[in-house]
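Residue numbers for the sequence shown follow my numbering, beginning at 21 and rising by one.
C-beta: ideal position from N, C-alpha, C; glycine also.
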Amino acid sequence: MKKYIKCFITFILMTGLIFNLAGCKVTLKAGIVKNTNQEETKEISEQLDEEKETLNTLCNQLINQDEASINEILKDFKENKLKNVERLYFAKEDSNEFYTYPNMELPDDYDARKRSWYINAKTNEYYTSEYMDTVTNKYIVTVSKALYKEDVLMGVVGIDFMKENN
Numbered sequence: 021m022k023k024y025i026k027c028f029i030t031f032i033l034m035t036g037l038i039f040n041l042a043g044c045k046v047t048l049k050a051g052i053v054k055n056t057n058q059e060e061t062k063e064i065s066e067q068l069d070e071e072k073e074t075l076n077t078l079c080n081q082l083i084n085q086d087e088a089s090i091n092e093i094l095k096d097f098k099e100n101k102l103k104n105v106e107r108l109y110f111a112k113e114d115s116n117e118f119y120t121y122p123n124m125e126l127p128d129d130y131d132a133r134k135r136s137w138y139i140n141a142k143t144n145e146y147y148t149s150e151y152m153d154t155v156t157n158k159y160i161v162t163v164s165k166a167l168y169k170e171d172v173l174m175g176v177v178g179i180d181f182m183k184e185n186n
């Protein structure tokens, strides 16, 4: 009889130990996920701050520029000042003029002023959700901002940032 009691007690203790270890593993895993999410959130927040600063600088440089200067500024930013950028663009409010770097072919009836990145940026800086770029097949996020001069909307500037782990 003592043998059965010892076996029963051993079984209970082992079962308790197994559940306890399993609980520790779940807690540890949850802690790792929480830390990873906090790190990713911090990284995304830092990247957004950099993108905002870049967007503001680009807007300031585009005010009062002619067509040749706009193209040069976009090219300079893409090649010398920005990392993880797929494309930069500027769409004017008073016309259907649309500048991109690098240049890309668009349909004749393309009107940037009707696109969500343009419309939403008129009132606030606008960040799209991550999406697959149809040209490069890479995940990107578009950041856009309205360019005002003396309270008059001149147009909207946009930057397509590639996700860093593409």
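Handout entry: Exposure label - ILE83; buried when at least 16 CB within 10 Å
Key = exposed
Problem - Length-filtered (3 minimum) beta strand (DSSP E) runs lying within the segment 63 to 138 - result: 105 to 112 and 118 to 121
Problem - Buried/exposed call for GLU15, threshold 16 Cβ in 10 Å - result: The structure shown has nothing for residue 15, since the chain only spans 21 to 186.
Practice task
With a cut-off of 8 Å on the beta carbons, I'd call ASN112 and MET152 a contact; round off their distance for me.
Solution key: Note that residue 112 is Lys in the sequence shown, not Asn. LYS112 to MET152, Cβ: 28 Å. No contact.
Problem - Environment of GLU106 [buried if 16+ CB atoms lie within 10 Å] - result: buried
Handout entry: C-beta contact flag for ASN91 and TYR121 at 8 Å
Key = In this structure, the beta-carbon distance from ASN91 to TYR121 falls below 8 Å.
Practice task
To the nearest angstrom, report how far apart TYR147 and THR156 are at their CA atoms.
Solution key: 19 Å
Practice task
Measure the alpha-carbon distance for THR74 versus PRO127 and round it to whole angstroms.
Solution key: 29 Å
Practice task
Answer yes or no: do LYS142 and VAL176 have a C-beta to C-beta separation smaller than 8 Å?
Solution key: Against a cut-off of 8 Å, the Cβ pair of VAL176 and LYS142 comes out as a contact.
Exercise for the section: Please go through the same chain and pick out, in chain order, the residues whose beta-carbon is closer than 6 Å to the beta-carbon of SER164, but skip the five residues on each side of it. Expected result: TRP137, ALA141, TYR146, VAL176 and GLY178
Practice task
Just grab the DSSP bridge partners of LYS169 for me.
Solution key: Its beta-bridge partners are VAL172.
Problem - Nearest-angstrom Cα separation, counted from GLU125 out to PHE110 - result: 15 Å
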